Amino acid sequence: GESVGLHLPTLSVQEGDNSIINCAYSNSASDYFIWYKQESGKGPQFIIDIRSNMDKRQGQRVTVLLNKTVKHLSLQIAATQPGDSAVYFCAENRASGTYKYIFGTGTRLKVLA
Amino acid sequence: NAGVTQTPKFQVLKTGQSMTLQCAQDMNHEYMSWYRQDPGMGLRLIHYSVGAGITDQGEVPNGYNVSRSTTEDFPLRLLSAAPSQTSVYFCASSRRRENTEAFFGQGTRLTVV
Chain A
31 GESVGLHLPT LSVQEGDNSI INCAYSNSAS DYFIWYKQES GKGPQFIIDI
81 RSNMDKRQGQ RVTVLLNKTV KHLSLQIAAT QPGDSAVYFC AENRASGTYK
131 YIFGTGTRLK VLA
Chain B
2 NAGVTQTPKF QVLKTGQSMT LQCAQDMNHE YMSWYRQDPG MGLRLIHYSV
52 GAGITDQGEV PNGYNVSRST TEDFPLRLLS AAPSQTSVYF CASSRRRENT
102 EAFFGQGTRL TVV
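In order, the protein sequences belong to chains A and B.
Numbering of the first sequence is given in this note's numbering, commencing with residue 31 and proceeding in unit increments.
Numbering of the second sequence is given in this note's numbering, commencing with residue 2 and proceeding in unit increments.
This is the structure in structure tokens:
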């Protein structure tokens, strides 16, 4: 069953297209950011991370962009596949050296066949 | 690798009952934490631990107790369950260094009636 509620923003993307999921963070002192993917009925799974001294980081089919000026983070997924359908969360570490990660509310990605 | 294991997966409690959610990890991670996930609110940190014998409060600690007697285990106790504690609970662990990903369990869906 669904582990995340009904009121999440939803992004619908055609299979094969690129997806861009956005996240605004609140603390300019946050120094580390992570994107997680959560499939229905499962726990969040790490996708990619980025430190505050970077603007961009690439992984396999995913790219994270960090704009510290406007406190904005984005996740780009290339050639979106049906298996990418999930809820995506960004998380920020607001205090360097601690384990207090603050999660965003999430975005649901729906991949249309 | 088992990773992070949570038990039970589902639980129904009556108001006022107590119970313990179990969490165990086999990765020798120092950091462990508990989150709750409610519709439209992302994951919120309840309690966390930076090592055996050391725990601290997160964003929403009221109504929950934790202890960390071993590196592997980090149980979450509800002393007197309330309907407001109906949620999905996730346990996570990570290595003891800055800026590192967390590994999550599969979650426990708790309903308090």
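Just so it is clear, CB atoms sit at the ideal spot from N, CA and C, and this is done for glycine as well.
Keep in mind that this is a model prediction, so the values were computed, not measured.
Assignment of Gln86(B) by DSSP, reduced to helix, strand and coil, places it in the helix class. Under the three-state reduction of DSSP output, Asp47(A) falls in the coil class, being neither helix nor strand. At a Cβ-Cβ threshold of 9 Å, Gly41(B) and Thr135(A) count as neighbours. In this structure Cys53(A) touches Ser104(A) by the C-beta definition: roughly 7 Å separates them, less than 8 Å. The bridge partners DSSP lists for His48(B) are Trp35(B), Gln58(B). Under a 10 Å Cβ-count criterion, Ile51(A) is classified as buried, with 16 or more other Cβ atoms of the shown protein chains found around its own Cβ. If you look at Gln7(B), you'll find it in the beta strand (DSSP E) that goes 5-8. Listed as beta-bridge partners of Asn83(A) by DSSP are no residues whatsoever. Here Asp114(A) carries a helix assignment [DSSP, helix/strand/coil].
Taken through DSSP and simplified to helix, strand or coil, Tyr55(A) comes out as coil. Ranked by Cα distance from Glu31(B), the options Arg78(B), Phe104(B), Gly108(B), Thr109(B) are led by Phe104(B). Gln86(B) and Gln68(A) have their C-alpha atoms some 21 Å from each other. One alpha carbon belongs to Val114(B), the other to Leu95(A), and they sit about 44 Å apart. Residues of chain A whose Cβ lies closer than 9 Å to the Cβ of Ala103(B) are, in chain order, Ile64, Tyr66, Pro74, Phe76, Ala121, Tyr129, Tyr131. In the DSSP assignment, Leu38(A) falls outside any beta strand (DSSP E) and carries neither an H nor an E. Closest in C-alpha terms to Met84(A), from the list Ser42(A), Ser56(A), Ile64(A), Lys130(A), comes Ile64(A). Non-local beta-carbon contacts of Ser19(B) in its own chain, meaning distances under 8 Å to residues more than five positions away in sequence, involve Arg78, Leu79, Leu80, Ser81, Ala82 in chain order. Within chain B, the C-beta atoms nearer than 9 Å to that of Leu38(A) come from Pro40, Gly41, in chain order. Close CB contacts of Ala3(B) within its chain, under the 7 Å cut and outside five residues either way in sequence, are with Asp27 (chain order). According to DSSP, residue pairing for Glu122(A) in a beta bridge involves Phe63(A), Ile132(A).
Any Cβ of chain B closer than 9 Å to the Cβ of Thr135(A) would place that residue at the interface, and such an atom is present.
For Leu46(B), the chain A residues whose C-beta falls within less than 8 Å of its own C-beta are Lys130, Tyr131, Ile132, listed in chain order.
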